[in-house]
Amino acid sequence: MEAAMDIVSSRTRIGLDQPTYAYRLYVPMSELSPERQRLISYRSNFGIGDRDAYLARVDAVIAPMTHLETPAGLERHAQAKAIEDVASRLSAIILRALFPEMTAETLPFRFLVPSAPPNAIMRASIQDLTARYEKLRTLLATFTPELIGARIDRNGT
5 MEAAMDIVSS
15 RTRIGLDQPT
25 YAYRLYVPMS
35 ELSPERQRLI
45 SYRSNFGIGD
55 RDAYLARVDA
65 VIAPMTHLET
75 PAGLERHAQA
85 KAIEDVASRL
95 SAIILRALFP
105 EMTAETLPFR
115 FLVPSAPPNA
125 IMRASIQDLT
135 ARYEKLRTLL
145 ATFTPELIGA
155 RIDRNGT
């Protein structure tokens, strides 16, 4: 059985007149190795965690260590775009399982939800995604939350 990792997702209303939402997926930094944590420069709780409980974006989790170690420049930028695209599609697949009203194929910046659900934070457990970019990239067309052993805690906040 593969190692598991916890994830934290959020649905936050951002539109006042129209019910538009930001859907996001993160991994607690505590789920990552100290080596990977040191290479992730953007640290935040993204407004959904404890003040000192930092979360990592999915692209930083799935990226190969060699990418995180690459100095800033055109090579890193080109690879980062490809990693972000896979992370966006992966996040959307997982978020659709957690929040069925979110039907986008890739993670949208803002998404219109006419039913206007309340803000929510959901936690789940999935197979460890650390440094899995290459494998995920090749499997993405047939990917489902079940393939990564998603176990959803429906007692979200």
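Positions 5 to 161 (the numbering used here) are the ones given, in order, by the sequence shown. Think of the CB as a built atom: it goes at the ideal place given N, C-alpha and C, for glycine as much as any other residue. This one's a predicted model, so the numbers in the text were calculated from it and none came from an experiment.
Item, Value
"Distance, Q41 Cα to I87 Cα", "18 Å"
"Which residues DSSP lists as bridging M126, in chain order", "S13"
"Cut-off 6 Å between Cβ atoms - residues of its own chain near L72, not counting five sequence neighbours on either side", "L43"
"Residue(s) in a DSSP beta bridge with F3", "With the chain represented from 5 up to 161, any question about residue 3 goes unanswered, as that position is not in the structure."
"Own chain partners of T24 with C-beta closer than 8 Å, once the 5 adjacent residues on each side are dropped", "R17, I18, R114, F115, L116, V117"
"Coarse secondary structure for L59, derived from DSSP in three states", "strand"
"The stretch 41 to 61 contacting the stretch 142 to 152, beta-carbon criterion three pairs below 8 Å", "no"
"Continuous alpha helix (DSSP H) stretch holding R141: start and end", "137 to 143"
"Identified DSSP bridge partners for P32", "L59"
"Straight-line Cα distance separating S48 from L140", "25 Å"
"Rounded Cβ spacing between P32 and L59 (contact assumed at less than 8 Å)", "6 Å"
"Residue(s) in a DSSP beta bridge with A64", "Per DSSP, none; premise fails for A64."
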